[in-house]
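Structure first, then comments.
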Amino acid sequence: MWSSQKRDLVVAIYEPAWFISVVEYLKRRGVRFHYYYSREAVPPGCVVYTDYGLFLDELADRANVTVIYDPSRDCRVLEKAILATKYADSYGTIVVGVDPGSRLSYVVLSDEELLLYGDGGLRELERDLDYILTCMPHRELRVKVGSGYNAAEVAMRIKNKYRVPVELIDEKYSTPSASRLDEVKFIKKRLKELKPFRYKDIYAAYKIAISKGVEVL
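Residue numbers (the numbering used here): 1 to 217.
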């Protein structure tokens with residue numbers, strides 16, 4: 001799923017609650033990572049994310065690893081570590097594609113690469129939008145909403161709350177079907193671990209995210 005990740009991440013977190021939170025988030029993001037066991041076990045070339053001064057001292061003479069020290073346990077520093085595995089310091093344009101309905105499905109993309117996905121209600125979507133705006137360095141955030149049930153309500157709520165560009169997308173052809181297998185195969189390459197007909201709403205949200213629509217004014 002994460003073709004742009006070029007280096008492994010090593011998690012060296014001392015505080016238990018933050019450790020659990022970070023591991024759950026990394027799994028959700030699909031980030032390739034290992035746990036810290038000892039200085040000698042850290043592979044060369046990787047990125048080490050730690051909140052603990054002792055681990056920082058242990059790795060002080062390991063010139064072949066990048067250590068990101070985060071004693072304040074800040075999501076912005078965690079994102080810095082994730083970006084370092086890509087040899088990057090920021091995302092470009094982040095696009096959120098939303099497949100509306102009684103239950104929302106959505107994807108978060110950067111350069112058409114899947115960063116994360118989710119489903120639920122507006123609360124879950126807004127939780128992730130809050131996280132993006134607070135924690136993930138980026139040049140621009142755009143939200144694209146499929147023109148289905150309650151689309152206008154979702155689009156206007158996001159537009160009014162976040163003051164970001166919002167587009168409405170014709171989602172007539174956004175849901176995968178057997179008659180559009182070439183399109184399904186293309187998107188499947190981008191969503192490698194998600195089966196198209198099991199996660200059809202996530203596929204629809206991805207198609208919405210990469211489509212051009214009409215901006216909500």
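Beta carbons: idealized from backbone N, C-alpha and C, even for Gly.
Every value quoted in this text rests on a predicted model; they were computed, and no experiment measured them.
Residue i versus residue j - alpha carbon distance
i, j, result
"residue 13", "residue 82", "15 Å"
"residue 52", "residue 42", "16 Å"
"residue 201", "residue 113", "17 Å"
"residue 99", "residue 145", "6 Å"
"residue 153", "residue 213", "16 Å"
"residue 19", "residue 217", "42 Å"
"residue 121", "residue 208", "18 Å"
"residue 24", "residue 150", "31 Å"
"residue 97", "residue 108", "7 Å"
"residue 168", "residue 39", "51 Å"
"residue 203", "residue 117", "10 Å"
"residue 148", "residue 102", "10 Å"
"residue 32", "residue 129", "23 Å"
"residue 16", "residue 95", "33 Å"
"residue 89", "residue 170", "34 Å"
"residue 183", "residue 138", "Low local confidence applies: a pLDDT of 48 at residue 183 is under 50, so the model's placement there is unreliable, with the coordinate-based value given in what follows. Near 29 Å, if we compare the C-alpha coordinates of residue 138 and residue 183."
Close-in-space but distant-in-sequence residues of the same chain around residue i (CB under 6 Å, 5 per side omitted)
i, result
"residue 140", "93"
"residue 158", "143, 166"
Burial state of residue i, where buried means 16 or more other Cβ atoms lie within 10 Å
i, result
"residue 123", "exposed"
"residue 163", "exposed"
"residue 29", "buried"
"residue 36", "buried"
"residue 61", "exposed"
"residue 79", "buried"
"residue 70", "buried"
The beta strand (DSSP E) enclosing residue i, as first and last residue numbers
i, result
"residue 59", "Counting along the chain, residue 59 falls outside any beta strand (DSSP E), and DSSP gives it neither H nor E."
"residue 169", "166-169"
"residue 15", "Run containing residue 15: none; DSSP gives neither H nor E here."
"residue 129", "Where residue 129 is concerned, there is no enclosing beta strand (DSSP E), although the alpha helix (DSSP H) it sits in stretches over 122-135."
Same chain only: Cβ atoms within 8 Å of residue i, ignoring 5 sequence neighbours per side
i, result
"residue 127", "none"
"residue 161", "126"
"residue 119", "103, 104, 105, 106, 201, 202"
Under 7 Å between C-beta atoms of residue i and residue j
i, j, result
"residue 87", "residue 6", "yes"
"residue 67", "residue 59", "yes"
"residue 224", "residue 10", "There is simply no residue 224 to check, as the chain begins at 1 and stops at 217 in what is shown."
"residue 219", "residue 135", "Only positions 1 to 217 of the chain appear in this structure, which leaves residue 219 out of reach."
"residue 205", "residue 131", "no"
Neighbourhood of residue i by C-beta, 7 Å cutoff - its chain only, sequence neighbours within 5 removed
i, result
"residue 210", "112"
"residue 155", "145, 166, 168, 216"
"residue 44", "64, 65"
Run of the alpha helix (DSSP H) containing residue i, from where it starts to where it stops
i, result
"residue 159", "151-162"
"residue 39", "Residue 39 -> no alpha helix (DSSP H), and no H or E assigned at all."
"residue 206", "200-209"
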